[in-house]
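J.: Mapping of the sequence shown onto the UniProt record's numbering: position 138 corresponds to residue 138, and the numbering continues sequentially without gaps. Each residue gets a CB set at the ideal place from its N, CA and C atoms; glycine is no exception.
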Amino acid sequence: MSFSTLGLNEAILQAVTAAGYENPTDVQAQTIPAAMTGADLRVCSNTGSGKTAAFVLPALERVLAAREANPAASRRPLRGQPPQGPRVLVLAPTRELAIQVSKAAVTYGSHIPHLKVATVVGGVPYGAQLAALRGPIDLLIATPGRLIDHLDSGKAILGQVEMLILDEADRMLDMGFIEDIERIAEALPVGRQTVMVSATFAGQVGRLADQILKDDAQRIEVANHTDSHANIEQQLLWADDLDHKSALLENLLTSTEMQQAVIFTSTQRDADELAAHLYEMGHAVAPLHGGMPQGRRNRTLMALRRGELRILVATDVAARGIDVPTISHVINFGLPMKAEDYVHRIGRTGRAGRSGRAITLAERRDVGMIRRIQQFTTQPIPVGTLAGLEPKRPAPEMFSRAPRRDGGRPPHRGHGGPGGYGGRPDNRGGDRGGYGFARPIDGAPRRGGFDGPRFDSAPRFDAPRFEAPRQEGRPEFRGEPRHDGPRGNGPRRQDGAPRFDGERRFDDRSGPRGGFGGGRPAPRGRGHGPR
1 MSFSTLGLNE AILQAVTAAG YENPTDVQAQ TIPAAMTGAD LRVCSNTGSG KTAAFVLPAL
61 ERVLAAREAN PAASRRPLRG QPPQGPRVLV LAPTRELAIQ VSKAAVTYGS HIPHLKVATV
121 VGGVPYGAQL AALRGPIDLL IATPGRLIDH LDSGKAILGQ VEMLILDEAD RMLDMGFIED
181 IERIAEALPV GRQTVMVSAT FAGQVGRLAD QILKDDAQRI EVANHTDSHA NIEQQLLWAD
241 DLDHKSALLE NLLTSTEMQQ AVIFTSTQRD ADELAAHLYE MGHAVAPLHG GMPQGRRNRT
301 LMALRRGELR ILVATDVAAR GIDVPTISHV INFGLPMKAE DYVHRIGRTG RAGRSGRAIT
361 LAERRDVGMI RRIQQFTTQP IPVGTLAGLE PKRPAPEMFS RAPRRDGGRP PHRGHGGPGG
421 YGGRPDNRGG DRGGYGFARP IDGAPRRGGF DGPRFDSAPR FDAPRFEAPR QEGRPEFRGE
481 PRHDGPRGNG PRRQDGAPRF DGERRFDDRS GPRGGFGGGR PAPRGRGHGP R
C-alpha cells in the first residue's frame, strides 16, 4: 500500500513524497481513511509508530475542505471584524511534542498555499502567541495549560473548530490536565470530530473518551504496550551499588557502537548533576528537563539533531516528542515512576526503521519497579553483564514464589501491593535510581554518585513556570509557600516570560545532597567537550 491509495489531496501527497515517505505505517494506513470520513476515533498506538502523520494528514485534508467551502476564511480579518479561529485544534502534553507536531504540519502542508499553523505552549512570551491567535489560523497546536490562559483572557476563539485531536491523551491525564481538557472540549462546537490518540484507553483515559467522543466512535488498535519492539534490543544490567552503576554507565558511553544516547534520570536535579559530571569527563552532553527555559530547551534539541551533542540527560516529561533517528541508545539510569513511562522512554530509539538499544541500570531496591515494568509489557527484560564489571551479588529472583506458611498465606512482603511486588516506590525523599543521594543500604553512610568534591558553588538554572500542573519526577519539598496570585507582576526573565514574586532561582539554593565530580556548572545546551 502507498500513500496514493489513501485518497489524500494531491498537494498533501506531493509534500509527503518530498519528505521521503512512500508507504504508510500500519497506524497511518488504518487511521487516515477512517479520520477522513469524519468519524470520531480512539487510536491506540505507541510512540514511534508514525501516529503523528496519522492524524496530521487528515487534519490538513479538513483544512482544505474548509477552504473550499469558505474561501474567505483563510484571509486576515479586516479591522473591526472578529478574529478567525482555527479549523483544527491539536492538544499535546508537552512543549516539545507540540513543537514536533507543528513541524510535521508545516512539512506535510508545505504545498498548501498560505497554510497558517500556530503553536501555543507555556514557557515562552505571550506576545507572539497573541498575534497568531488574531488569525487567520488553520491549525492550532497547543498544550492545555497555556491554551486555558488564552481562553480565560478571551484571546482564543474556538467556535469554528471542526476537528479536535488529543495526542498522547494518557500522558496528559497523568500530568493532571483532565479538567483543562474538559473545559476546552466544552468550548468547542458539539458537532466537531474528535480523535484521541493514546497508548492505552484503560481507566481514566477510557472514561474521558466516553465523555468527549460520540457513541459510535471507531476503535483502531495497531500497537500497545505488550508489543515486543523487535527493532529495539532491551537489556537489564544489575548494579551492586551507585558506584557500580556509575562504572557501568561510563563503560556504555565509551562504546564505539553508540552514536547518540538519551540517559533518563528520575528528577530534574539528577539530570543537571549527571550532565555536569559527564561534561567534566569530556563528553558532549547537555541536560533537558521542564525546569529549563523554553528557548534553551529548543537550542538543546537543535544541537542534538545537528550532532553537536552525543548525550542528552533527560527527564520523562521533557523527553516526550524527541524524534531524532540517530539516537542509538536509551539508558535508564533512574527508573521511571510509572511502568508505562518505560515504554515511552525506549521509544526514543529505534526510530525511522532503525534498530536501537535500551539498557536499564538497576539496583536491588529497584526490583519492585522492574517487576511492574515486566508485568506491564508482559515480557521479561533480558539480563546481561559487561565484561570486567559483573555484579558481585547474585541477580534477584524476579518471579520466584516464596513458600507459604501454615494457613496458606504467603509471608509478609513489606508494603507491596497485590501479588507482592516487593515493596512500594520510595516517595519519602529517597529516589529510585537517583543520582548522588540514594537511600543508605544496610546502615551504610550516604554518599555521592561519583568520587570527587561537591560543586556547591555551581550556578543553577533559572526555574521557569512549569507547564504541567505538577512537577515531573518526585517532588522535592523545600518549605516554600505557593504563589497563587496573578501572573506577570514580578520582574521578567530573559526569555520574556513572567516570574512569580518571590520565586526561588536554582542558584539561590544550597548545594546538592550528593557530591560528585568537578566544580563546573552544568552545560548550557550546545556541544560540550570532545566529540
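Any idea what DSSP makes of Asn70, helix, strand or coil?
T.: coil
J.: Determine the closest residue to Arg305 out of Arg296, Ile322 and Gln294, with distance taken between C-alpha atoms.
T.: Arg305 has its Cα closest to that of Ile322, out of Arg296, Ile322 and Gln294.
J.: Could you give the distance in angstroms between the alpha-carbon of Gln28 and the alpha-carbon of Ala395?
T.: CA-to-CA, the gap between Gln28 and Ala395 works out to about 42 Å.
J.: Out of curiosity, what's the CA-to-CA distance linking Gly368 and Asp215?
T.: 39 Å
J.: From Glu397 to Thr385, what distance separates their C-alpha atoms?
T.: 16 Å
J.: With a cut-off of 8 Å, do at least 3 Cβ pairs link the stretch 85–93 to the stretch 165–174?
T.: yes
J.: From the DSSP output, in three-state form, read off Ala54 for me.
T.: helix
J.: Do you know whose CA, among Lys338, Pro325 and Ala339, lies nearest Arg354's CA?
T.: Pro325
J.: Suppose contacts are defined by Cβ-Cβ distances below 7 Å. Is Asp167 in contact with Val197 by that definition?
T.: yes
J.: Would His289 pass as an interface residue toward chain B - the criterion being a Cβ-Cβ separation below 7 Å?
T.: Within the model displayed, chain B is absent; a lone protein chain is all it includes.
J.: Between the C-alpha atoms of Arg460 and Ala276, what's the straight-line distance to the nearest angstrom?
T.: Summary for Arg460: the model assigns pLDDT 41, below 50, so the residue's position carries little reliability, and this model does not support an answer.
J.: Based on Cα-Cα distance, which residue from Gly7, Val106, Asn9 and Ala53 lies nearest to Asp26?
T.: Ala53
J.: For the 8 Å Cβ check, are there 3 or more pairs between the stretch 363–377 and the stretch 274–293?
T.: no
J.: Please identify the residue among Arg183, Ala35 and Tyr21 whose C-alpha is closest to the C-alpha of Thr107.
T.: If you compare the alpha carbons of Arg183, Ala35 and Tyr21 with that of Thr107, the shortest gap goes to Tyr21.
J.: Are there 16 or more other CB atoms within 10 angstroms of the CB of Gln204, so buried, or fewer, so exposed?
T.: The residue is exposed, with fewer than 16 neighbouring Cβ atoms inside 10 Å.
J.: Have a look at Arg183 and Gly307 and give me their C-alpha separation to the nearest angstrom.
T.: 41 Å
J.: Please state whether DSSP places Met369 in a helix, a strand or coil.
T.: helix
J.: Go ahead and label Ala69 buried or exposed: buried means 16 or more other beta carbons lie within 10 angstroms of its beta carbon, across all protein chains shown.
T.: Under this definition Ala69 is an exposed residue.
J.: Checking 7 Å against the spacing of the C-beta atoms, do Leu140 and Pro86 come in under that value?
T.: yes
J.: If you check the beta carbons only, do Gly123 and Gln268 fall under 7 Å apart?
T.: no
J.: Residue range of the alpha helix (DSSP H) that Gln160 falls in?
T.: Taken as a continuous stretch (DSSP letters only), Gln160 belongs to no alpha helix (DSSP H), as it is neither H nor E.
J.: Enumerate in chain order the residues of its own chain whose CB-to-CB distance from Asn251 is below 7 Å, with the five nearest sequence positions on each side excluded.
T.: Leu386 and Leu389
J.: In chain order, what residues of the same chain have a beta carbon less than 6 Å from the beta carbon of Gly109, not counting five sequence neighbours either side?
T.: Only Leu60 and Leu115 meet the Cβ criterion.
J.: With respect to the beta strand (DSSP E) encompassing Leu41, which residues constitute its N-terminal and C-terminal limits?
T.: Leu41 to Cys44
J.: Specify the secondary structure class of Leu173 as computed by DSSP and reduced to three states.
T.: helix
J.: Determine the direct distance from the alpha carbon of Ala202 to that of Lys338, and round the result to whole angstroms.
T.: 15 Å
J.: Going straight from the alpha carbon of Gly430 to that of Gly135, what length do you get?
T.: No answer about Gly430 holds up, because its pLDDT of 39 lies below 50 and its placement is not dependable.
J.: Looking only at its chain, what residues have a beta carbon closer than 6 Å to the beta carbon of Val117, apart from the 5 residues adjacent to it on each side?
T.: Ser102, Ala105, Val106 and Leu139
J.: What residue ranges within the UniProt domain "Helicase C-terminal" (248–397) form continuous alpha helix (DSSP H) runs of no fewer than 4 residues, ordered along the chain?
T.: 268–280, 294–305, 316–319, 339–346 and 367–377
J.: Measuring CA to CA, which of Val121, Ala187 and Glu221 is closest to Asn298?
T.: Ranking Val121, Ala187 and Glu221 by Cα distance to Asn298 puts Val121 first.
J.: DSSP on Gln84, reduced to helix/strand/coil?
T.: coil
J.: Taking all protein chains shown into account, decide if Ser49 is buried (16 or more other Cβ within 10 angstroms of its Cβ) or exposed.
T.: buried
J.: In three-state terms, what does DSSP make of Thr37?
T.: DSSP places Thr37 in coil when its eight states are reduced to three.
J.: Count the other C-beta atoms from every protein chain shown that fall within 10 angstroms of the C-beta of residue 537, then say buried if there are 16 or more, exposed otherwise.
T.: An answer regarding residue 537 cannot be provided, because it is not within the stretch 1 to 531 covered by the chain.
J.: Would Thr302 be called buried (16 or more neighbouring beta carbons within 10 Å of its own) or exposed?
T.: Looking at the sequence itself, residue 302 is Met, so the reference to Thr does not match. Exposed is the call here.
J.: What three-state label does DSSP hand Leu64 in the structure shown?
T.: helix
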